[in-house]
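Trainee:
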Amino acid sequence: MGAIVVYESMFGNTEAVARAVAEGIGSVMPVELVEVNSAPPLASMSTDLLVVGGPTHAFGLSRANTRADAKQRGARDEASSGLGIREWLEATESAPLRVATFDTHVKKPNLPGRASHAAERRLHRMGCEILTRGMSFYVDGYDGPMYAGEVDRARKWGTEVARCALSGAASR
Ligand SMILES: Cc1cc2nc3c(=O)[nH]c(=O)nc-3n(C[C@H](O)[C@H](O)[C@H](O)COP(=O)(O)O)c2cc1C
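In terms of the working numbering, the sequence shown opens at residue 249 and continues consecutively.
#1: Near residue 394, what residues of its chain come up, given a Cβ to Cβ distance below 8 Å and the 5 sequence neighbours on each side ignored?
#2: Alpha carbon to alpha carbon, how far is residue 325 from residue 297? Give it in angstroms, no decimals.
#3: Determine the direct distance from the alpha carbon of residue 413 to that of residue 302, and round the result to whole angstroms.
#4: Please report the Cβ distance between residue 295 and residue 252, rounded to the nearest whole angstrom; I am assuming they are in contact, meaning their Cβ atoms lie under 8 Å.
#5: From the DSSP output, which residues share a beta bridge with residue 349?
#6: Who are the near neighbours of residue 361 in its chain, counting only those whose CB is closer than 6 Å to its CB and skipping five residues on each side?
#7: Does residue 290 come out as helix, strand or coil in the three-state DSSP assignment?
#8: I'd like to check one pair, residue 409 with residue 348: are the Cβ atoms closer than 8 Å?
The structure is reproduced here in structure tokens:
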């Protein structure tokens, strides 16, 4: 059994969550953490669990213009300077992988729409099996930091998702 976590992050918060999710998964099975611009096409992946996470931008997955907006607001130059999760998913064929998604989201105001749910819908249409409903982790403002306890919650969520993948595999 093994897992891959693919993430996108402009200010570093989703990256911190992705690292914690990978740590949590790592307590159950081997895991690889990959920034989306270094990720192989989804259709070429052979993994028992794929976890995909990105920041919520404009009620869903980021686009080139929202990433440019983030950069104007001070996002790291090196961060996801190319494509985002949306473009990565658009560029690939379908694949029957077992997946879970997460996002980062501001708490106040509580805006509708979540990158995790948008990614989940796309992955479902691409033939993936959704292991558990997409999970949001909360940032304080556009650039963060994460609210207290959120990184720990991400680690625990990673472990739960990995256990879920394991038990699903065992019952097949
Ligand atoms: C252009 C732009 C649009 C955003 N739109 C939303 C939104 O619709 N809902 C929301 O909860 N957060 C929104 N945010 C805040 C992001 O969710 C936040 O910047 C992100 O979670 C931080 O993650 P990162 O550090 O990995 O980039 C937006 C941020 C930017 C830059």
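Backbone N, C-alpha and C fix where the C-beta goes; we use that ideal spot for every residue, glycine too.
Mentor: Once the coordinates are examined:
#1: Cβ within range, chain order: 261, 264, 265, 352, 385, 386, 387 and 388.
#2: Roughly 30 Å between the two C-alpha positions.
#3: Cα-Cα distance, rounded: 21 Å.
#4: Right, the Cβ-Cβ distance comes to about 5 Å (below 8 Å), so this counts as a contact.
#5: Within the DSSP secondary-structure output, residue 349 pairs in a beta bridge with 300.
#6: Taken in chain order, the residues that qualify are 307 and 308.
#7: Secondary structure of residue 290 (DSSP, three-state): helix.
#8: At the C-beta level, residue 348 and residue 409 come within 8 Å of one another.
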